[in-house]
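J.:
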Amino acid sequence: MTETLIELVKHYSPSGAEQGAATWLTGRMKNLGFDDAFVDGAGNAVGLMGQGARQMVLLGHIDTVPGEIPMRIEENVLYGRGSVDAKAPLACFVDAVAQVGAVEGWQFVVIGAVDEERNSDGARYAAGQYRPDFAIIGEPNRWDRISLGYKGLAAAEITLRRTQVHAASGEQTACEAAVDAWLAIKAYASAYNAEESRIFDQVIPTLHSIESGGDGFEQWATLKLSTRLPVSMPPEQWYNELEELAAGAEVIRKGLPVPAWACEKNTSPVRALLSAIRSQGGAPSFVYKAGTADLNTVAPVWQCPAVVYGPGDSSLDHTPNEHISLEEYTRAVQVLVTMLRKMTG
Numbered sequence: 082m083t084e085t086l087i088e089l090v091k092h093y094s095p096s097g098a099e100q101g102a103a104t105w106l107t108g109r110m111k112n113l114g115f116d117d118a119f120v121d122g123a124g125n126a127v128g129l130m131g132q133g134a135r136q137m138v139l140l141g142h143i144d145t146v147p148g149e150i151p152m153r154i155e156e157n158v159l160y161g162r163g164s165v166d167a168k169a170p171l172a173c174f175v176d177a178v179a180q181v182g183a184v185e186g187w188q189f190v191v192i193g194a195v196d197e198e199r200n201s202d203g204a205r206y207a208a209g210q211y212r213p214d215f216a217i218i219g220e221p222n223r224w225d226r227i228s229l230g231y232k233g234l235a236a237a238e239i240t241l242r243r244t245q246v247h248a249a250s251g252e253q254t255a256c257e258a259a260v261d262a263w264l265a266i267k268a269y270a271s272a273y274n275a276e277e278s279r280i281f282d283q284v285i286p287t288l289h290s291i292e293s294g295g296d297g298f299e300q301w302a303t304l305k306l307s308t309r310l311p312v313s314m315p316p317e318q319w320y321n322e323l324e325e326l327a328a329g330a331e332v333i334r335k336g337l338p339v340p341a342w343a344c345e346k347n348t349s350p351v352r353a354l355l356s357a358i359r360s361q362g363g364a365p366s367f368v369y370k371a372g373t374a375d376l377n378t379v380a381p382v383w384q385c386p387a388v389v390y391g392p393g394d395s396s397l398d399h400t401p402n403e404h405i406s407l408e409e410y411t412r413a414v415q416v417l418v419t420m421l422r423k424m425t426g
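Residue numbering for the sequence shown follows my numbering, beginning at 82 and increasing consecutively.
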C-alpha cells in the first residue's frame with residue numbers, strides 16, 4: 082500500500098519541475114485501475130474513477146519546496162522531500178480511490194496540482210475545470226486531525242522617499258520614515274489582535290527585508306513584507322490599511338493575494354471523516370492553520386462542502402528532516418477509504 086508514496090517521493094519535483102513526477106503518477110493511476118489519467122493543460126496529474134453525475138474532487142499538490150533530500154526508509158519511516166508536504170496526502174488520495182473503485186452515480190477526480198508552493202497555478206487552472214459536489218484538499222495535519230481553515234496572504238513593497246539633507250539637519254530620513262511605517266503596521270496588528278485569541282483570527286505581518294539608497298538628491302527606503310490574514314480581513318482591505326498606515330508612501334502589491342478560507346464544520350465530508358477516523362481507533366480533532374493552501378484558491382470558486390485531510394506532521398514541512406511513518410500513512414489511507422464509502426454508499 083505504500084508503493085505509491087515511496088515512488089512519488091523518489092521523483093523530486095520542486096515547483097516548476099513537476100513534469101517527471103506528474104507523468105509517473107498518471108501512469109501509476111492507470112495501473113491502479115483508474116478509468117483515465119492524464120496531465121492537463123497546467124501540468125497537473127489528473128486521475129478519473131467512475132462516470133457518475135455526482136463528483137468528488139480530491140486535490141493534493143505534487144510540487145515541493147526546493148532542496149532534494151535523498152529518499153531512504155529506516156525503521157518503517159520514509160525520509161525524503163515531499164514525504165510530508167504534500168506527497169503523502171496526494172498518494173493517500175490515489176491509493177484510497179483505487180481501493181474504493183468506481184461507485185455508481187459518482188466520479189472521483191484525483192488531482193496532483195503543480196505550483197502550490199509558489200502561486201498555485203495548478204489549483205487556479207483546476208478551479209475552472211470542475212464543479213464538484215464535495216472537495217477534499219490534501220495537506221499534512223496527522224491522520225487523526227481535520228483542518229477546517231487556512232489563513233490568507235498578501236505581500237507588498239512599501240517605498241518611502243525623502244529629499245537628501247545634511248545629517249545634522251535633524252530632518253527625518255527615508256530609513257527613519259520606513260521604521261516608523263513598520264512600527265505603525267505592527268501597532269495596528271497588535272491592536273487588531275488584542276481581542277482575538279486564535280492565531281487563525283489574527284493579522285500577522287512579517288518584515289522580510291529593508292533596502293535603502295539614494296542618488297545625492299533623494300533618498301529612499303523600501304520595506305518588503307507579507308501578511309497572514311484572517312477571514313475578517315480580505316486582502317483588498319489590508320492593502321487599503323497599509324496605504325493609510327504608511328501615508329505618503331508608495332505601496333506596491335506583490336504576487337497574487339489570497340483570501341483566508343474557513344470550511345463549514347457541520348457538513349457531509351466532515352461528519353464522514355470524523356466517523357472514519359474513529360473507526361480506525363482515532364480521537365479526531367480540528368485545527369485551523371496559520372499557513373495558506375490550495376483550499377484558499379479553489380473553495381471560493383467551487384462553493385461546495387470541503388475539508389482538508391492528510392497524514393504527516395506539518396511541523397516537518399520544508400525542513401531537511403522531512404519524514405513520515407509508513408504506518409501512519411496506511412492508517413490514513415484506510416480512513417479515506419472508509420470516508421469515501423460512507424459518502425457514496
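Glycine residues also receive a C-beta, built at the ideal position from the N, C-alpha and C atoms.
Using the three-state DSSP reduction, which class does T373 fall into: helix, strand or coil?
T.: Of the three classes helix, strand and coil, the one that applies to T373 here is coil, per DSSP.
J.: For the 8 Å Cβ check, are there 3 or more pairs between the segment 206-213 and the segment 305-315?
T.: No, the segment 206-213 is not in contact with the segment 305-315.
J.: Which residues mark the beginning and the end of the beta strand (DSSP E) in which K305 is found?
T.: Unbroken beta strand (DSSP E) run through K305: 299-310.
J.: The alpha helix (DSSP H) that contains E317, what's its start and end?
T.: Its alpha helix (DSSP H) spans residues 316-326.
J.: Which residues bound the alpha helix (DSSP H) around D225?
T.: No alpha helix (DSSP H) contains D225, which is instead part of the beta strand (DSSP E) from 223-231.
J.: Using the Cα positions of I291 and W187, report the straight-line distance between them to the nearest angstrom.
T.: If I take the Cα positions, the gap works out to 53 Å.
J.: Quick one: residues in its chain with C-beta nearer than 7 Å to the C-beta of P315, no 5 flanking neighbours on either side, listed in chain order?
T.: Only P340 meet the Cβ criterion.
J.: Have a look at A387, K423, G336 and flag the residue whose alpha-carbon is nearest the alpha-carbon of A353.
T.: For the residues A387, K423, G336, the minimum Cα distance to A353 belongs to K423.
J.: Does the distance from the CB of P365 to the CB of I218 come in under 8 Å?
T.: Taking 8 Å as the Cβ cut-off, P365 and I218 do not qualify as a contacting pair.
J.: What is the DSSP secondary structure of Q188, counted as helix, strand or coil?
T.: Q188: strand per DSSP, three-state reduction.
J.: Assuming Y206 contacts G122 (C-beta within less than 8 Å), just tell me the rounded distance between them.
T.: With 8 Å as the limit, Y206 and G122 qualify as a contact, their Cβ atoms being about 6 Å apart.
J.: How should H289 be labelled, buried or exposed, when 16 other C-beta atoms within 10 angstroms of its C-beta is the threshold for buried?
T.: Exposed is the call here.
J.: Just how far apart, CA to CA, sit S278 and S271?
T.: So the two alpha carbons sit approximately 12 Å from each other.
J.: Here's a check: name, in chain order, each residue in its chain whose Cβ is nearer than 7 Å to the Cβ of T244, leaving out the five neighbours to either side.
T.: E299, listed in sequence order.
J.: How about G230 and W319: do their beta carbons lie closer than 8 Å?
T.: For G230 and W319, no; Cβs fall outside 8 Å.
J.: In terms of alpha-carbon separation, which member of M420, N377, T425, T419 lies closest to A208?
T.: The shortest C-alpha separation from A208 is found at N377.
J.: Hey, how far is the Cα of A259 from the Cα of I285?
T.: The alpha-carbon atoms of A259 and I285 are separated by roughly 18 Å.
J.: Roughly how many whole angstroms lie between the Cα atoms of T303 and K232?
T.: Roughly 25 Å between the two C-alpha positions.
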